[in-house]
Amino acid sequence: MTTITLRNKLAEYIRFADEKKIKAIYTMVEDEIEEKHDIWTKEFTKEMDKRIKRFEEGKDKGKDSEIVVKNLLKLVTSK
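Going left to right, the sequence shown walks through residues 2 to 80 as the numbering used here numbers them.
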C-alpha cells in the first residue's frame, strides 16, 4: 500500500473516530507534532511574497499544478 493511500485511509478514519481514539492516536504522535518546525518563518513568508510579486509582474511563468504534483510524486517514489 502506498504512503498516499495510507494517509488517505488514516485521514478518513480520523474524521469519524470517537474522541477516545482520537486522543489515543494524538498521544502516540504528540511529541513529533510538537517538535515540527513551523515553515511560516519571516524569511519563508518574505520569499513567497517575492515569488508572488514576480509572477504577478509576469517575470516568472510559474508551473501547472499537475506538472508539479507529477514531479513531486516521481521524487518521493524514487527514494
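Using N, Cα and C, we set each Cβ at its ideal position, and we do this for glycine too.
Proximity of Lys15 and Ile26 at Cβ, strictly below 8 Å: One point to set straight first is that residue 15 is Ile, not Lys, in the sequence displayed. It is a contact, given that the beta carbons lie within the stated cut-off.
Rounded separation between Ile53 and Thr78 - CA only: Rounded to whole angstroms, Ile53 to Thr78 spans 29 Å at the Cα level.
Separation of Lys51 from Glu58, as counted between CA atoms: For Glu58 and Lys51, the distance between alpha carbons rounds to 11 Å.
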